[in-house]
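Asks: First to last, the protein sequences are chains A and B. To get the numbering used here, take the position in the first sequence, counting from 1, and add 15. To get the numbering used here, take the position in the second sequence, counting from 1, and add 432. Backbone N, C-alpha and C fix where the C-beta goes; we use that ideal spot for every residue, glycine too. To start, I am sharing the structure in question, which I have written as structure tokens.
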Amino acid sequence: AQRVTQPEKLLSVFKGAPVELKCNYSYSGSPELFWYVQYSRQRLQLLLRHISRESIKGFTADLNKGETSFHLKKPFAQEEDSAMYYCALSEGNGGATNKLIFGTGTLLAVQP
Amino acid sequence: NAGVMQNPRHLVRRRGQEARLRCSPMKGHSHVYWYRQLPEEGLKFMVYLQKENIIDESGMPKERFSAEFPKEGPSILRIQQVVRGDSAAYFCASSHDSLSNQPQHFGDGTRLSIL
Numbered sequence: 016a017q018r019v020t021q022p023e024k025l026l027s028v029f030k031g032a033p034v035e036l037k038c039n040y041s042y043s044g045s046p047e048l049f050w051y052v053q054y055s056r057q058r059l060q061l062l063l064r065h066i067s068r069e070s071i072k073g074f075t076a077d078l079n080k081g082e083t084s085f086h087l088k089k090p091f092a093q094e095e096d097s098a099m100y101y102c103a104l105s106e107g108n109g110g111a112t113n114k115l116i117f118g119t120g121t122l123l124a125v126q127p
Numbered sequence: 433n434a435g436v437m438q439n440p441r442h443l444v445r446r447r448g449q450e451a452r453l454r455c456s457p458m459k460g461h462s463h464v465y466w467y468r469q470l471p472e473e474g475l476k477f478m479v480y481l482q483k484e485n486i487i488d489e490s491g492m493p494k495e496r497f498s499a500e501f502p503k504e505g506p507s508i509l510r511i512q513q514v515v516r517g518d519s520a521a522y523f524c525a526s527s528h529d530s531l532s533n534q535p536q537h538f539g540d541g542t543r544l545s546i547l
């Protein structure tokens with residue numbers, strides 16, 4: 016069954032510390048992986064996707080098919096990074112729909 | 433472009449009443465997705481619609497729930513005879529097409545509370 020697992024409900028770090036938000040997935044095909052972010056009082060928005068291989072706001076994520084992981088990383092956390100982060104999966108171009116399967120989310124709290 | 437618009441933002445219903453949630457997709461988007469988020473859980477897919485067609489309703493409960501996306505007007509998620517367990521945040525997302533590399537843009541959600 017398709018599944019996305021985010022093992023940490025809360026991750027608290029100090030400003031300037033490295034951040035790694037974990038995401039593991041279970042899917043038999045070739046999925047597309049995404050990270051969505053929800054800042055306080057804002058709507059859910061796309062942060063980055065693995066096919067773009069880009070860095071957004073200093074965040075990067077590499078798809079590791081061997082470990083079925085898509086961890087989100089940033090070398091130096093900033094207070095404005097505090098938010099709820101969701102990892103999500105879609106079926107990829109072989110799928111009939113673009114529905115997203117979400118993890119339960121990790122709340123990142125960056126302390127001053 | 434105001435983005436995906438959902439209304440109402442908050443909806444309170446008593447058990448047994450009907451709830452209607454509306455979603456206007458982004459301009460130029462003809463694909464709409466509904467997700468439900470129960471407390472302490474992630475978003476769960478419910479239904480995917482294109483104009484006038486339900487494409488995938490595999491996440492919809494078999495009873496009391498229905499969705500439509502008419503040719504004119506917003507997409508509607510309808511819940512009949514609501515129960516306490518329907519209390520959740522309901523999110524709508526839209527995309528330009530169904531390719532997986534087309535990002536979904538989300539609305540602010542409707543928070544449904546059942547008394």
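Would you say Asn-113(A) lies against chain B (beta-carbon separation less than 8 Å)?
Replies: It does: the Cβ of Asn-113(A) has a partner Cβ on chain B nearer than 8 Å.
Asks: At which residues does the beta strand (DSSP E) containing Gln-512(B) begin and terminate?
Replies: Run containing Gln-512(B): none; DSSP gives neither H nor E here.
Asks: Tell me the DSSP secondary structure of Glu-69(A) in three-state form.
Replies: coil
Asks: Anything in chain A within Cβ reach of Ser-527(B), meaning under 8 Å, just list it in chain order.
Replies: Asn-113
Asks: Pick out whichever of Ser-490(B), Arg-447(B), Val-479(B) has its Cα sitting closest to the Cα of Ser-507(B).
Replies: Val-479(B)
Asks: Judging by CA-CA distance, which residue of Gly-541(B), Leu-475(B), Leu-547(B), Ala-434(B) is the nearest neighbour of Lys-459(B)?
Replies: The candidate whose alpha carbon is nearest that of Lys-459(B) is Ala-434(B).
Asks: Hey, does Phe-85(A) have any beta-carbon neighbour from chain B nearer than 8 Å?
Replies: It does not; no Cβ of chain B falls within 8 Å.
Asks: Distance check for Tyr-42(A) and Asn-113(A), CA to CA, integer angstroms please.
Replies: 14 Å
Asks: Check Asp-488(B) in the structure and name its three-state DSSP category.
Replies: strand
Asks: Is Ser-526(B) closer than 8 Å to Val-444(B) when the C-beta atoms are compared?
Replies: Inclusion of Val-444(B) and Ser-526(B) in the CB contact set at 8 Å is not warranted, their separation being larger than that value.
Asks: Of the choices Ile-546(B), Met-492(B), Glu-473(B), whose alpha-carbon is the least far from that of Leu-481(B)?
Replies: Met-492(B)
Asks: Look up Val-52(A) in the DSSP assignment and give the residues it is bridged to.
Replies: Gln-60(A), Tyr-100(A)
Asks: Name the residues in the region 462–492 of chain B whose C-beta lies less than 7 Å from a C-beta of chain A; which are they?
Replies: Listed in sequence order: Tyr-465, Glu-473, Gly-474, Leu-475, Phe-477, Tyr-480, Ile-487, Asp-488.
Asks: Our contact map puts Leu-544(B) next to Tyr-522(B) with C-beta atoms below 8 Å; I'd like the distance itself, whole angstroms only.
Replies: 6 Å
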